[in-house]
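Only one structure is covered here, and it is reproduced in the block below.
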Amino acid sequence: MSSKNKAALVVVVLHVVGTIGMLLPAWALLMRQLTPLNLLIVAALVIIFQQNKTPSFYAYALLCFLMAFFSEVVGVQTGWPFGSYEYGATLGPKLFGVPLLIGTNWLILVVCTASLTRSINNKWLASLAGALLMVGLDILLEPVAIMSDYWSWQGSGIPIQNYISWGALAFVLHSILHHFGFENKNELAQYVILSQASFFALVGYLG
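Now the structure itself:
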């Protein structure tokens, strides 16, 4: 088995175990506590299997992390642009009220969705397609995030501005990536996105 296939298997198994654990009341708390470790393992594998790791890629990765993180800081502190929300304890240590892993999660999702849409020749259409994929994932993610204490919303329900703002930020980050001078291709992209989508869909529907 190739190293890529082994890594893909790790990603899939992590999410399968997480799905089963979250659906079993006796294991759900442990699964939530392991969320940061799961995310760090996936992030490490995504970076390892990112092709064309040029200085431009690392510069973009840092910029993406910082832009996403501080957008979330503004969101938590002001209620704009995503709406009024606050983070729980599940995602680990926070800075300015935002878990440090949030920037990492944004980077994983942008890199992977951009890799999946890289065959689209027009950069703006590719950015739009990548952003729409991320909005779709966020729609699946929100119910699980709330029940797992990733974050909580003030008021009733999830504001529509959250999805609009999530998509807008994702579009900006994709657009910057496409103009940053490196070819984005990640060998684990499809496994990461499909595994996460399946996890959130199943836990959200059955949990």
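So for the sequence shown, the working numbering puts the first residue at 22; every next one is plus one.
From the three backbone atoms N, C-alpha and C, an ideal C-beta is built for every residue, glycine too.
Residue i versus residue j: straight-line alpha-carbon distance, rounded
i: MET52; j: VAL224; result: 12 Å
i: PRO46; j: TYR226; result: 15 Å
i: VAL37; j: MET43; result: 10 Å
i: THR99; j: SER23; result: 47 Å
i: VAL193; j: VAL94; result: 17 Å
i: GLY178; j: ILE160; result: 13 Å
i: GLY176; j: PRO114; result: 25 Å
i: MET218; j: PHE91; result: In the sequence on display, residue 218 carries Ala and not Met. Roughly 25 Å separates the two Cα atoms.
i: ILE68; j: LEU209; result: 9 Å
i: PHE78; j: PHE203; result: 7 Å
i: GLY118; j: SER169; result: 17 Å
i: LEU154; j: LYS74; result: 24 Å
i: GLN211; j: ALA29; result: 9 Å
Cβ separation of residue i and residue j, assumed to be a contact under 8 Å, to the nearest whole Å
i: ILE141; j: ALA135; result: With 8 Å as the limit, ILE141 and ALA135 do not qualify as a contact, their Cβ atoms being about 10 Å apart.
i: HIS195; j: GLY157; result: In fact, because the Cβ distance is near 14 Å, the residues do not count as touching under 8 Å.
i: PRO102; j: GLY109; result: Incorrect: roughly 21 Å between the Cβ atoms, too far for contact.
i: GLY104; j: ASN183; result: 5 Å
i: PHE70; j: ASN205; result: At roughly 12 Å, the Cβ-Cβ gap does not stay under 8 Å, so PHE70 and ASN205 are not in contact.
i: LEU215; j: TYR81; result: Contact doesn't hold; Cβ gap of about 24 Å is too wide.
Chain-order list of residues whose beta-carbon lies under 7 Å from that of residue i (same chain, five-residue window excluded)
i: GLY39; result: MET52, ASN59 and PHE220
i: GLU163; result: ILE179
i: CYS133; result: VAL67, ASN207, ALA210, VAL213 and ILE214
Residue i CB to nearest heavy atom of the ligand NAD below 7 Å
i: LEU122; result: This structure does not include the ligand NAD; it has no bound ligands of any sort.
Backbone secondary structure at residue i - three-state DSSP
i: SER169; result: coil
i: ASN207; result: strand
i: GLN54; result: helix
i: LEU149; result: helix
i: PRO180; result: coil
i: LEU45; result: coil
i: GLN72; result: coil
Extent of the continuous alpha helix (DSSP H) run through residue i
i: GLN98; result: 76-99
i: GLY228; result: Per DSSP, GLY228 belongs to no alpha helix (DSSP H) and is neither H nor E.
i: THR111; result: First-last for THR111: undefined, no H or E at that position.
i: GLY124; result: 122-137
8 Å CB neighbourhood of residue i in its chain, flanking five on each side removed
i: LEU121; result: PHE90, GLY113, PRO114 and LYS115
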